[in-house]
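Novice: 1 is the number of the first residue of the sequence shown in the numbering used here; add one for each residue after it.
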Amino acid sequence: MKPKILAQGAEAIITQDQDKVIKLRTEKSYRLPELDQKIRRQRTKSESKLLTKAAEIIPVPKILKTNNTNSIEMQHIPGLRLSEHLDTLENKNKIAKTIGTQIAKLHNADIIHGDLTTSNMILSEDHQERIDNNQTTSSTSRASSDIHSASEARSEITEPKAREISPQKLFFIDFGLAFIHKHAEHKAVDLHLIKQALEAKHTIYSEELFAALLKAYTKEANNAEEILKRLEQVEKRGRYKQAY
Ligand SMILES: Nc1ncnc2c1ncn2[C@@H]1O[C@H](COP(=O)(O)OP(=O)(O)O)[C@@H](O)[C@H]1O
Ligand SMILES: [Mg+2]
1 MKPKILAQGA EAIITQDQDK VIKLRTEKSY RLPELDQKIR RQRTKSESKL
51 LTKAAEIIPV PKILKTNNTN SIEMQHIPGL RLSEHLDTLE NKNKIAKTIG
101 TQIAKLHNAD IIHGDLTTSN MILSEDHQER IDNNQTTSST SRASSDIHSA
151 SEARSEITEP KAREISPQKL FFIDFGLAFI HKHAEHKAVD LHLIKQALEA
201 KHTIYSEELF AALLKAYTKE ANNAEEILKR LEQVEKRGRY KQAY
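1) For the segment 88-98 against the segment 37-48, do three or more pairs of beta-carbon atoms, one drawn from each stretch, fall closer than 8 Å, so that the two count as touching?
2) With 16 other CB atoms within 10 Å as the buried threshold, where does Lys195 fall?
3) Quick one: using the 10 Å Cβ neighbour count with 16 as the cut-off for buried, is Asn67 buried or exposed?
4) Taking the alpha carbon of Glu220 as the reference point, which residue from Phe175, Ile57, Pro78 has its own alpha carbon closest?
5) Please indicate yes or no: does the CB of Lys23 lie closer than 8 Å to some heavy atom of ligand 1?
6) State yes or no: is the C-beta of Thr26 within less than 9 Å of the C-beta of Ser83?
7) With Leu209 and His202 assumed to form a contact (beta carbons below 8 Å), what rounded beta-carbon distance in angstroms separates them?
8) Rounded to whole angstroms, what is the Cα-Cα separation between Lys1 and Glu73?
9) Residues near ligand 2, CB to any non-hydrogen atom under 5 Å, in chain order?
10) Could you pull out every residue in the same chain whose Cβ sits closer than 7 Å to the Cβ of Asp17, ignoring the five residues on either side in sequence?
11) Given this structure, state the Cα-to-Cα distance separating Lys23 from Ala184, to the nearest angstrom.
12) With 16 other CB atoms within 10 Å as the buried threshold, where does Glu47 fall?
13) Given a cut-off of 9 Å, decide if Pro61 and His76 are closer than it, judged by their beta-carbon atoms.
14) Just mark Asp174 as buried or exposed, buried being the case when its beta carbon has 16 or more other beta carbons within 10 Å.
15) Ligand 1 and Gln42: does any heavy atom of the ligand fall closer than 8 Å to the residue's C-beta?
16) Could you tell me the alpha carbon to alpha carbon distance between Leu193 and Ala200, rounded to whole angstroms?
17) What is the C-beta distance between Leu51 and Ile63, in whole angstroms, given that I count them as a contact (C-beta under 8 Å)?
18) Glu11 by DSSP, collapsed to three states: which one?
19) With hydrogens ignored, establish whether the beta-carbon of His76 is closer than 8 Å to any heavy atom of ligand 1.
20) Could you round the C-beta distance between Lys53 and His107 to whole angstroms and report it? I think they count as a contact, below 8 Å.
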């Protein structure tokens, strides 16, 4: 299979070569060449550093290789890009909760994503397959099982249910604008960005989705109270800017 271009953004070309994705930051002719090289090197290094850090906390693509200059090779995540599928998924509120929990986990490690949109999230296909397989396996095993005791019978009944409610594996990608900071202001801006992204792309569901996201975030995040207070201020500033 020939490598194929997945996306060509303002900054980089993203190519898929079988189970690998290569993100290549291309030359920008409007920048002075020396400065351009410096910026591309700095962003490539920063993205790979933050991807590595985030990998310890939430699902993100694993880095396979980087030249620390302009390219990062990472694991390809087969699945659904959330921007295109969220509206049609039955469990969208649960996914919104997962988004909230995962943002909180990043923030607890002082990782600010910087570009939280549903285009930068992939619901992994692997996991969906696993759920289907489990359901098939469990119904077969139930049919052929010989149950010896009441406790075994109980576990036979509860097990498949537990799998049904297991959270979807949601990958966050694109750490190109990410940075480390402990201040609540940056965390509030991150939340404001995902709120705006939901309003823009998933308009009819955005209110309930953001409510579910924020509830889960509040449960998980350290210092949630201060961050939410900041969020209110960020939003007031936003409204002020729009009105004038
Ligand atoms: N590891 C990956 N696995 C699968 N698809 C990816 C992966 N990385 C990027 N993509 C796809 O390429 C698109 C652009 O990549 P991204 O890192 O978001 O670059 P940009 O900075 O240009 O937005 C993503 O929205 C996604 O569709
Ligand atoms: Mg992106």
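For glycine and all other residues, C-beta sits at the position ideal for the given N, C-alpha and C.
Specialist: In this structure, then:
1) no
2) Here residue 195 corresponds to residue number 195 of the sequence shown, with the count starting at 1. With 16 or more other Cβ atoms within 10 Å, it is buried.
3) Numbered from its first residue, the sequence shown carries residue 67 at position 67. The residue in question, Asn67, is exposed, as its Cβ has fewer than 16 Cβ neighbours within 10 Å.
4) Translated into positions along the sequence shown, residue 220 becomes position 220. Ranking the options by Cα distance to Glu220, first place goes to Ile57.
5) For the purposes of this step, residue 23 is taken as the residue at position 23 of the sequence shown. Checking the Cβ of Lys23 against ligand 1 gives yes.
6) As a first step, residue 26 must be located in the sequence shown, where it is residue number 26. As a first step, residue 83 must be located in the sequence shown, where it is residue number 83. Cβ atoms of Thr26 and Ser83: not closer than 9 Å.
7) Walking along the sequence shown from the start, residue 209 turns up at place 209. Walking along the sequence shown from the start, residue 202 turns up at place 202. Indeed they touch by this definition, with Cβ atoms about 6 Å apart.
8) Numbered from 1 along the sequence shown, position 1 holds the residue referred to as residue 1. Numbered from 1 along the sequence shown, position 73 holds the residue referred to as residue 73. The sequence as given places Met at residue 1; Lys does not occur at that position. The straight-line gap from Cα to Cα measures roughly 17 Å.
9) Asn120, Asp174
10) Residue 17 sits at position 17 when you count from the first residue of the sequence shown. Only Pro3 meet the Cβ criterion.
11) In the sequence shown, the residue the question calls residue 23 occupies position 23. In the sequence shown, the residue the question calls residue 184 occupies position 184. Using only the alpha carbons, I get a separation of about 30 Å.
12) Here residue 47 is taken as the residue at index 47 of the sequence shown, counted from 1. Glu47 comes out buried.
13) Position 76 of the sequence shown, counted from the first residue, corresponds to residue 76. Position 61 of the sequence shown, counted from the first residue, corresponds to residue 61. Cβ distance < 9 Å, so His76 and Pro61 count as in contact.
14) Residue 174 sits at position 174 when you count from the first residue of the sequence shown. Under this definition Asp174 is a buried residue.
15) If you number the sequence shown from 1, residue 42 lands on position 42. Result no, Cβ not under 8 Å from ligand 1.
16) To locate residue 193, count along the sequence shown from 1; it is residue 193. To locate residue 200, count along the sequence shown from 1; it is residue 200. In a straight line, the C-alpha of Leu193 is about 10 Å away from that of Ala200.
17) Here residue 51 refers to the residue found at position 51 when the sequence shown is read from its first residue. Here residue 63 refers to the residue found at position 63 when the sequence shown is read from its first residue. Yes, Leu51 and Ile63 are in contact; Cβ-Cβ is about 6 Å, under 8 Å.
18) One-based indexing of the sequence shown puts residue 11 at position 11. Coil at Glu11, not helix or strand.
19) Here residue 76 refers to the residue found at position 76 of the sequence shown. Within the cutoff, so yes.
20) In the sequence shown, residue 53 corresponds to position 53, counting from 1. In the sequence shown, residue 107 corresponds to position 107, counting from 1. About 13 Å separates the two Cβ atoms, so there is no contact after all.
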